[in-house]
Amino acid sequence: MKIIMKPIEMIAWFNNTNYPIPLRFRVETENKTNIVIKIDKIVFKEMQKIAGNRMIVYRCEGIISGLQRTFELKYEIDTCKWYLFKM
Amino acid sequence: MNDRIVFHIDVNSAYLSWEAAHNLQMGSNIDLRNVPSIVGGDQEKRHGIVLAKSIPAKKYGIKTGESVYSALEKCPELIVISPHYDIYMKASKAMVDFLYDYSPLIQRYSIDEVFLDYTNGNLPYMEAAMKIKEGIKKELGFTVNIGIGPNKLLAKMASDFTKPDKIHTLFYDEIEKKMWPLPVEDLFMIGYRTKKKLNSRGIFTIGELAHLDRDYIYSWLKKPGLLIWEYANGIENSDVKISKSKVKSIGNSTTLPFDVSTKEEAMKVLLGISEMVGMRLRELNIKAEVISVSLKTSEFFSYSHQKKLNIPTSSTNTIYKTALALFEEMWDNSSLRCFSISLSSLVYDDFIQLSFFENFNEKELILDKSIDNIRKKFGQSSVIRSAFLYSGIDPIIGGVVAEENYPMMSSYL
Chain Z
7 MKIIMKPIEM IAWFNNTNYP IPLRFRVETE NKTNIVIKID KIVFKEMQKI AGNRMIVYRC
67 EGIISGLQRT FELKYEIDTC KWYLFKM
Chain R
11 MNDRIVFHID VNSAYLSWEA AHNLQMGSNI DLRNVPSIVG GDQEKRHGIV LAKSIPAKKY
71 GIKTGESVYS ALEKCPELIV ISPHYDIYMK ASKAMVDFLY DYSPLIQRYS IDEVFLDYTN
131 GNLPYMEAAM KIKEGIKKEL GFTVNIGIGP NKLLAKMASD FTKPDKIHTL FYDEIEKKMW
191 PLPVEDLFMI GYRTKKKLNS RGIFTIGELA HLDRDYIYSW LKKPGLLIWE YANGIENSDV
251 KISKSKVKSI GNSTTLPFDV STKEEAMKVL LGISEMVGMR LRELNIKAEV ISVSLKTSEF
311 FSYSHQKKLN IPTSSTNTIY KTALALFEEM WDNSSLRCFS ISLSSLVYDD FIQLSFFENF
371 NEKELILDKS IDNIRKKFGQ SSVIRSAFLY SGIDPIIGGV VAEENYPMMS SYL
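So the protein lines, in turn, are chains Z and R.
Residues in the first sequence are numbered consecutively from 7, following this note's numbering.
Residues in the second sequence are numbered consecutively from 11, following this note's numbering.
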């Protein structure tokens, strides 16, 4: 996996447990088109507090242009922003 | 008394470590700690000094406090990052929160230094220190030095021995071996001037200072002399202060992007700083009796004057008028780059003693209060003095982080 760290548009499910659950996100590709990726499975999630900045890291699986891929998402709690961290 | 265990936890090159950890979290692929890099002020605005440096930058001989320009001369490929105080506040707070798991007795000494009383801790102190050090590294992503001693002074001295990511102890029986061979300027509270004084009488190590006769040092350097003599002998017994210590003085300063050579401009700068310090005083419900102004010329020569007022004040106008009078007294028409106003002898403003010889205008109090309220509600620039229009000088000058209470270093343990 390579570090990408790109802000993404996200549809997530906030239930009554601790963590929001990412469902689907849209990201701009290199040729300026948007693709939507559905999250099929969350492999694990982890709370990070590096330098006091809380972020939740999700290792996920989903299908991107016909291939099953693993990628990591980050949710920054203070700013409520989602990032595609690694792919 | 003898069995106190105090930890001093000190973040290794704090600003830089925090920037590096934050950048890594945000997906950067270089760790700033492993390349020559510094956190430094804005050179364009002439705030260009080195605030923190990485260990590789230290190898080029770059020192904290020197100008960014000379640092770049020493190492042209140096990476310069501007400071982000919000990140540092967050990181510092996270560290303090983490430490509360180990002891409730915590004193936040500055943004990157914490005293922790571990006298009644559950674990053996070395094990606890290891856990703290590794825990902070793993969870928060930066390294700390921990000094362990029987009082705050020795703990602080111990955390300074060798860096980074280390634990040192300094107990009474180790003073002779670990602290006394160090040069005298490494002792807490000994600055450049005291060092020169001590050196002039042949005192070069902490041990030499410690062995002086108590009466001799008192007759020579008076009370501060006794204090450093006690420190050199490891004598210090202040508590780890849980609550915030009382404010002793309030001041703001500014280095301007250009040199000031006319009186009109200087007046505006002083007014801008007066606005800031006045607001801060009133926010804390205190008044000040002593006002001091200091100036730095473009040749880096500085001088200052101060005045004691008959009535303690928190009014922007009074502060400004006094500051201006002090300024006129000492200014020799040289061009100035840095102004500061500092207020001390603070008293709580439950009541004030008036004076026959000075005017006291209650309306000013009310006016200042109303202006503060408007600014609080609608932002700092909602009401400004018209003198600042088109002047290119900020109407309210100074402050690191305007909203949050930024823990500053102090010389009191």
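All C-beta atoms, glycine included, are put in the ideal place defined by N, C-alpha and C.
Practice prompt. Check whether the region 179 to 192 of chain R touches the region 228 to 237 of chain R, counting contact only when three or more Cβ pairs, one atom from each stretch, lie closer than 8 Å.
Written response: no
Worksheet item: To which residues of the same chain is Met67(Z) closer than 6 Å at the C-beta, ignoring the five residues directly before and after it?
Response: Indexing the first sequence from 1 puts residue 67(Z) at position 61. It is worth fixing the name first, because residue 67(Z) is Glu in this sequence and not Met. Excluding positions up to five away in sequence, the list reads Asp46, Lys47 and Thr76.
Worksheet item: If you draw a straight line from the alpha carbon of Ile19(R) to that of Ser380(R), how long is it in whole angstroms?
Response: As a first step, residue 19(R) is located in the second sequence; it is residue number 9 there, counting from the start. As a first step, residue 380(R) is located in the second sequence; it is residue number 370 there, counting from the start. Distance between the alpha carbons of Ile19(R) and Ser380(R): 43 Å.
Fill in: Own chain, CB closer than 8 Å to Ile89(R), minus 5 neighbours either side, in chain order
The sequence position of residue 89(R) within the second sequence is 79, counting from 1. Closer than 8 Å at Cβ, skipping near neighbours: Leu42, Val45, Pro46, Ser47 and Ile48.
Practice prompt. Give the interface partners of Ile9(Z) over in chain R, defined as CB-CB distance under 7 Å, in chain order.
Written response: Sequence index remark: in the first sequence, residue 9(Z) carries index 3 (1-based). Neighbours of Ile9(Z) on chain R, chain order: Gly37 and Asn39.
Worksheet item: How would you write the range of the beta strand (DSSP E) that Ile14(Z) sits in, first residue to last?
Response: As a position in the first sequence, residue 14(Z) is number 8, starting the count at 1. First-last of the beta strand (DSSP E) with Ile14(Z): Ile9 to Trp19.
Worksheet item: Ser354(R) to Ile185(R), Cα distance in whole Å?
Response: For this step, residue 354(R) is matched to residue 344 along the second sequence. For this step, residue 185(R) is matched to residue 175 along the second sequence. About 36 Å.
Fill in: Distance between beta carbons of Ile142(R) and Asp109(R), contact taken as under 8 Å
Here residue 109(R) corresponds to residue number 99 of the second sequence, with the count starting at 1. Here residue 142(R) corresponds to residue number 132 of the second sequence, with the count starting at 1. Per the sequence shown, the amino acid found at residue 109(R) is Leu instead of Asp. So it is a contact: roughly 7 Å between Cβ atoms.
Worksheet item: So the alpha helix (DSSP H) Asp382(R) belongs to, where does it begin and stop?
Response: As a first step, residue 382(R) must be located in the second sequence, where it is residue number 372. Start and end: Glu372 to Phe388.
Worksheet entry | Proximity to Phe366(R) [Cα-Cα], best of His94(R), Asn320(R) and Lys373(R) | For the purposes of this step, residue 366(R) is taken as the residue at position 356 of the second sequence. Per the Cα distances, Asn320(R).
Discussion item. So within the region 166 to 250 of chain R, which uninterrupted beta strand (DSSP E) runs reach at least 3 residues, ignoring any that extend past its ends?
Written reply: 177 to 179
Fill in: Coarse secondary structure for Trp88(Z), derived from DSSP in three states
The count along the first sequence starts at 1 and reaches residue 88(Z) at position 82. It is a strand residue.
Item to complete: Could you tell me whether the region 125 to 143 of chain R touches the region 101 to 117 of chain R, using the rule of 3 or more Cβ pairs below 8 Å?
Response: yes
Worksheet item: Would you report the Cα separation of Glu246(R) and Tyr330(R), rounded to the nearest angstrom?
Response: Counted from its first residue, the second sequence places residue 246(R) at position 236. Counted from its first residue, the second sequence places residue 330(R) at position 320. Straight-line Cα distance between these residues: approximately 40 Å.
Worksheet item: In terms of residue numbering, what span does the alpha helix (DSSP H) encompassing Met340(R) cover?
Response: For the purposes of this step, residue 340(R) is taken as residue 330 along the second sequence, with counting starting at 1. That run of the alpha helix (DSSP H) goes Thr326 to Met340.
Worksheet item: What are the start and end residues of the alpha helix (DSSP H) that includes Ser352(R)?
Response: Counting from 1 along the second sequence, the entry for residue 352(R) is found at position 342. Careful: Ser352(R) lies outside any alpha helix (DSSP H), inside the beta strand (DSSP E) at Leu346 to Tyr358.
Worksheet item: For Lys278(R), which of Val257(R), Ile406(R), Lys176(R) and Ile260(R) has the nearest alpha-carbon?
Response: As a first step, residue 278(R) must be located in the second sequence, where it is residue number 268. For the residues Val257(R), Ile406(R), Lys176(R) and Ile260(R), the minimum Cα distance to Lys278(R) belongs to Ile406(R).
Worksheet item: Among residues of its own chain, excluding the 5 on either side of Arg65(Z), which ones have a beta-carbon nearer than 6 Å to its beta-carbon?
Response: In the first sequence, counting from the first residue as 1, residue 65(Z) sits at position 59. Excluding positions up to five away in sequence, the list reads Val49, Phe50 and Glu78.
Worksheet item: By the criterion of Cβ-Cβ separation under 7 Å, what are the contact partners of Met61(Z) in chain R?
Response: Numbered from 1 along the first sequence, position 55 holds the residue referred to as residue 61(Z). Chain R residues near Met61(Z): Gln35.
Discussion item. So that I know if they touch, is there some Cβ in chain Z lying closer than 8 Å to that of Gly151(R)?
Written reply: In the second sequence, residue 151(R) corresponds to position 141, counting from 1. So, interface residue.
Worksheet entry | Secondary structure, alpha helix (DSSP H): runs of 4+ residues fully inside the region 31 to 98 of chain R | 65 to 69 and 78 to 84
Discussion item. Less than 8 Å between the beta carbons of Ala298(R) and Leu305(R), yes or no?
Written reply: Reading the second sequence from its first residue, position 288 is the one you call residue 298(R). Reading the second sequence from its first residue, position 295 is the one you call residue 305(R). Going by C-beta atoms, Ala298(R) is not nearer than 8 Å to Leu305(R).
Discussion item. For Glu414(R) and Arg211(R), I'd like the C-alpha separation in whole angstroms.
Written reply: Here the question's residue 414(R) lines up with position 404 in the second sequence. Here the question's residue 211(R) lines up with position 201 in the second sequence. Per-residue confidence for Glu414(R) stands at a pLDDT of 42, beneath the threshold of 50, marking its modelled position as unreliable; no derived number is given.
Worksheet entry | Straight-line gap, Ile10(Z) to Thr272(R) (C-alpha atoms, nearest Å) | Position 4 of the first sequence, counted from the start, is the residue given in the question as residue 10(Z). Position 262 of the second sequence, counted from the start, is the residue given in the question as residue 272(R). In a straight line, the C-alpha of Ile10(Z) is about 53 Å away from that of Thr272(R).
Discussion item. Between the alpha carbons of Gln316(R) and Val303(R), how many angstroms are there, rounded?
Written reply: Mapped onto the second sequence, residue 316(R) falls at position 306. Mapped onto the second sequence, residue 303(R) falls at position 293. Between Gln316(R) and Val303(R), the C-alpha separation is close to 6 Å.
Practice prompt. Below 7 Å between beta carbons is the criterion; list the residues of the region 56 to 83 of chain Z that meet it against any residue of chain R, in chain order.
Written response: Ile56, Ala57, Gly58, Asn59 and Met61
Practice prompt. Give a yes or no on whether the minimum CB-CB distance between Phe91(Z) and chain R is below 8 Å.
Written response: For the purposes of this step, residue 91(Z) is identified with residue 85 of the first sequence, where counting begins at 1. So, interface residue.
Item to complete: Establish whether the CB of Lys103(R) and some CB of chain Z are separated by less than 8 Å.
Response: In the second sequence, counting from the first residue as 1, residue 103(R) sits at position 93. Output row for Lys103(R): interface = yes.
Item to complete: Kindly list, in the order they appear in chain Z, the residues whose Cβ is closer than 7 Å to that of Ile156(R).
Response: One-based indexing of the second sequence puts residue 156(R) at position 146. Residues of chain Z passing the Cβ test: none, with the nearest at roughly 19 Å.
Practice prompt. Let me know the secondary structure DSSP gives Glu275(R) once reduced to three states.
Written response: For the purposes of this step, residue 275(R) is taken as the residue at position 265 of the second sequence. If DSSP states are grouped into helix, strand and coil, Glu275(R) belongs with the helices.
Worksheet item: Hey, how far is the Cα of Ala18(Z) from the Cα of Ser391(R)?
Response: By one-based count along the first sequence, residue 18(Z) stands at place 12. By one-based count along the second sequence, residue 391(R) stands at place 381. Their backbone Cα atoms lie some 39 Å apart in a straight line.
Discussion item. Does any residue of chain Z have a CB that is nearer than 8 Å to the CB of Ile97(R)?
Written reply: Taking the second sequence and counting its residues from 1, the one referred to as residue 97(R) is at position 87. Cβ-Cβ to chain Z under 8 Å: yes for Ile97(R).
Practice prompt. Grab me the residues of Gly30(Z)'s own chain with a C-beta within less than 8 Å of its C-beta, minus the 5 sequence neighbours each way, in chain order.
Written response: On the first sequence, position 24 is the one that residue 30(Z) refers to. Residue identity check: residue 30(Z) is Arg in the sequence provided, not Gly. So the qualifying residues of the chain are Met16, Ile17, Val42, Ile43, Lys44 and Ile45.
Practice prompt. Could you check the C-alpha separation between Phe58(R) and Phe268(R) for me, to the nearest Å?
Written response: Counting from 1 along the second sequence, the entry for residue 58(R) is found at position 48. Counting from 1 along the second sequence, the entry for residue 268(R) is found at position 258. The residue you asked about is not Phe; residue 58(R) is Gly in the sequence shown. Approximately 13 Å between the Cα atoms of the pair.
Worksheet item: chain Z beta carbons: is any one of them nearer than 8 Å to that of His94(R)?
Response: Your numbering for residue 94(R) matches position 84 in the second sequence. No, His94(R) lies away from the interface with chain Z (no Cβ there is under 8 Å from its Cβ).
Fill in: Given Gly50(R) as reference, the closest of Tyr70(R), Gly131(R), Ala31(R) and Leu26(R) once Cα atoms are compared
As a working note, residue 50(R) is residue 40 in the second sequence. For Gly50(R), the nearest C-alpha among the options comes from Leu26(R).
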